[in-house]
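Notes for the one structure printed next.
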Amino acid sequence: MAGGEGNFPPIEPPGRILPRAAPGPLIERANAATRAAGSVRRIILANRSAPGGMGFYLFRGTLSFWSKFINHDISIGFIAPEPVREFCYTPARPGGNSPPLKGIEVSMNPSPPPVRGVLNVYAHPDDESFGDPGTISLYAGRGVSMSLVCFTRGEAGETNGVCAPGELGEVRAAELRAACGVLGISRLEQWDYPDGGLSGVDAEEAIARLMEAFEDISPEVVVTHSDDGVTGHPDHLAVSAWATEAFHRIRAGGMRPGGSASAPSRLYWRVIPAHRREALARPDLIYRDDYTTIIDARSRAGVRRRAEACHATQKPHTDYDDPLVFEMGAVDYYIRKFPKWEGGPSEASLFGGETHPPGSIFP
12 MAGGEGNFPP
22 IEPPGRILPR
32 AAPGPLIERA
42 NAATRAAGSV
52 RRIILANRSA
62 PGGMGFYLFR
72 GTLSFWSKFI
82 NHDISIGFIA
92 PEPVREFCYT
102 PARPGGNSPP
112 LKGIEVSMNP
122 SPPPVRGVLN
132 VYAHPDDESF
142 GDPGTISLYA
152 GRGVSMSLVC
162 FTRGEAGETN
172 GVCAPGELGE
182 VRAAELRAAC
192 GVLGISRLEQ
202 WDYPDGGLSG
212 VDAEEAIARL
222 MEAFEDISPE
232 VVVTHSDDGV
242 TGHPDHLAVS
252 AWATEAFHRI
262 RAGGMRPGGS
272 ASAPSRLYWR
282 VIPAHRREAL
292 ARPDLIYRDD
302 YTTIIDARSR
312 AGVRRRAEAC
322 HATQKPHTDY
332 DDPLVFEMGA
342 VDYYIRKFPK
352 WEGGPSEASL
362 FGGETHPPGS
372 IFP
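The opening residue of the sequence shown carries number 12 in this note's numbering; numbering runs sequentially from there.
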């Protein structure tokens, strides 16, 4: 630890030394120790991981005791509940009437909280826009990282006169990319499984690939089709089963060596509430009354219209001339599959912690 007074060696491992006098939030235990001991003449910072994701930070340095003018080598260690991203040297400030001391204190700013993430797992291009675009757009606008896995390119659908049948897969993939831009989906995993043929895909292969995606994307929340597929579509049924199984396997410790350290913590199925049956007048839909979670995204109602418009090859699903139907399109209903729902007022957030007041009515 060579270097004279005021010439401190760099922090190891490298930290960001801020050219400012005022410290950020202080680690009081460490600062109290340095003030009580005297002035820190030289200091090295080493950190290493600790159980539970906490960081252990160890200061090693030489202190000059102002009362005895004797140098002592000491170590000060503490555990911080969050990683530390900034380190700042500031002048030592002894308490009471003690004379000023030459030296430093170390101040730290904890890392910002990690960005929350939601991953939607759907079968076809347009499932995100005709399904729950309001919720996707709402959370994207709040800074949540929104991702989408789409299993097929939709090549078996209708062209609506937009392109030749042989071009449909490429065109629909482009439509999906445009819709993701409208909705604020920052990451799209466009896969190329056969549209209309997912029931013939090896389930274990699909589940394993989803688990890899979960590890790579590291979402907190996974959203997928319900076990009835909303319309009973075989592709929806397959994706619902695969995503649900992948979620539970990775929760049970089925991650690859070297994979993500965290597993998704919440799983939701998207559903259509039974009270919409008459207004929607669509016998092809499967209506349910066992929903647990309602996301009111009416502030994002206009986004649904723009997202649906991106899918020009597909017939619009929403009658925008009907105010009630238009409003319905921006309120999304889900069944919380994990953690297990214990009853009570319906949830108002995919991240938990918020409920709707009893008696709340939504379209």
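A virtual CB, placed ideally from N, CA and C, is assigned to each residue, including glycine.
- Inter-segment contact for the segment 273-283 and the segment 340-348 is present: three or more beta-carbon pairs are separated by less than 8 angstroms.
- Between Ala308 and Ser371, the alpha-carbon positions lie close to 15 angstroms from each other.
- In the displayed model, Thr235 falls within a strand according to three-state DSSP.
- Excluding five sequence positions before and after Pro327, the CB atoms of its chain that fall closer than 7 angstroms to its own CB belong to Glu319, given in chain order.
- Assigned with DSSP and collapsed to three states, Gly177 falls in helix.
- Contact annotation: the segment 349-363 does not touch the segment 286-299, with fewer than three C-beta pairs closer than 8 angstroms.
- The continuous beta strand (DSSP E) containing Tyr345 extends over residues Val342 to Phe349.
- For Arg317 and Ala190, the gap between their C-alpha atoms comes out near 8 angstroms.
- If you check the CB distance, Asp246 and Phe141 do not come in under 9 angstroms.
- Distance from the CA atom of Ser210 to the CA atom of Glu169, rounded to whole angstroms, is 20 angstroms.
- Setting aside the 5 residues that flank it on each side, Val193 is surrounded in the same chain by Val314, Arg317, Ala318 and Cys321, each with a C-beta closer than 7 angstroms to its C-beta; the list follows chain order.
- Closest in C-alpha terms to Asp138, from the list Gly264, Thr235 and Glu353, comes Thr235.
- Fully enclosed beta strand (DSSP E) runs of no fewer than 3 residues occupy 156-163 and 198-204 of the segment 143-218, in order along the chain.
- With contacts defined by Cβ atoms closer than 9 angstroms, Ile196 and Phe225 do not form a contacting pair.
- Using a 10 angstroms sphere on the CB of Ser148, the tally of other CB atoms reaches 16 or more, which defines it as buried.
- Under a 10 Å Cβ-count criterion, Trp253 is classified as buried, with 16 or more other Cβ atoms of the shown protein chains found around its own Cβ.
- Per DSSP, reduced to three states, the secondary structure at Leu335 is helical.
- For the pair Glu231 and Arg153, the CB atoms are not nearer than the 9 angstroms cut-off.
- Around the beta-carbon of Arg293, fewer than 16 other beta-carbon atoms lie within 10 Å, marking it exposed.
- If you check the CB distance, Arg164 and Arg183 come in under 9 angstroms.
- In this structure Leu335 is exposed. Its beta-carbon is surrounded by fewer than 16 other beta-carbon atoms within 10 angstroms.
- In the three-state scheme derived from DSSP, where H, G and I count as helix and E and B as strand, Ile283 is classed as strand.
- Within a 10 Å sphere around the beta-carbon of Glu365 sit fewer than 16 other beta-carbons, which makes this residue exposed.
- Assignment of Glu358 by DSSP, reduced to helix, strand and coil, places it in the strand class.
- With 16 or more other Cβ atoms from the protein chains shown falling within 10 Å of its own Cβ, Gly240 counts as buried.
- Pro369 sits exposed, since fewer than 16 C-beta atoms from the chains shown fall within 10 Å of its C-beta.
- DSSP places Ile297 in the coil class of the three-state scheme, outside both helix and strand.
- Counting along the chain, Asp307 sits inside the beta strand (DSSP E) bounded by residues Thr304 to Asp307.
- DSSP places Thr242 outside both helix and strand once states are collapsed to three, so it counts as coil.
- Nearest in C-alpha terms to Gln201, of all of Gly180, Asp343 and Ile305, is Gly180.
- Ranking Tyr302, Ile218, Val342 and His367 by CA distance to the CA of Trp352 puts Tyr302 first.
- Each of Ala249, Gly243, Met222 and Ala185 was checked against the Cα of Tyr204, and the nearest Cα belongs to Ala249.
- Looking at the DSSP output, Gly128 shares a beta bridge with Ser156.
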